[in-house]
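My numbering puts the first residue of the sequence shown at 3, with every later residue one more than the last.
Where is the CB? At the ideal position from N, CA and C, for every residue including glycine.
Computed from a prediction, not measured in an experiment: that's the story for all the values here.
Read the structure below first, then the notes.
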Amino acid sequence: MTTEEVLEKPSEEAVAEKTEKALIKIKPKLSANVVRLLKLKARLDAKRPYFVRCESWRNWV
3 MTTEEVLEKP SEEAVAEKTE KALIKIKPKL SANVVRLLKL KARLDAKRPY
53 FVRCESWRNW V
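If you want it as C-alpha cells, here you go:
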C-alpha cells in the first residue's frame with residue numbers, strides 16, 4: 003500500500019486493510035484467539051478520533 007492509497011482512503015478503511023494484510027503474513031504463526039484479539043484491537047483503534055491516534059495531539063497542550 004502506497005502513501006497515495008492511504009491518503010485516498012478514509013483512515014478507518016486504511017487501518018483495517020493494513021492490519022488485514024499484516025495478519026495474513028503472520029497468521030500461520032498465531033493461534034486463532036490471538037488473531038481475533040488483534041482484529042478487535044484494530045477495529046477499536048480505527049474507531050478512535052484521529053487526534054487520539056496521532057501523537058501530535060500532545061503538542062496542543
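Residue i to residue j span [Cα, whole Å]
| i | j | result |
| --- | --- | --- |
| Ala48 | Glu19 | 11 Å |
| Asn35 | Leu46 | 17 Å |
| Lys23 | Lys41 | 11 Å |
| Lys27 | Leu39 | 16 Å |
| Arg50 | Ser33 | 26 Å |
Three-state secondary structure (DSSP) of residue i
| i | result |
| --- | --- |
| Arg50 | coil |
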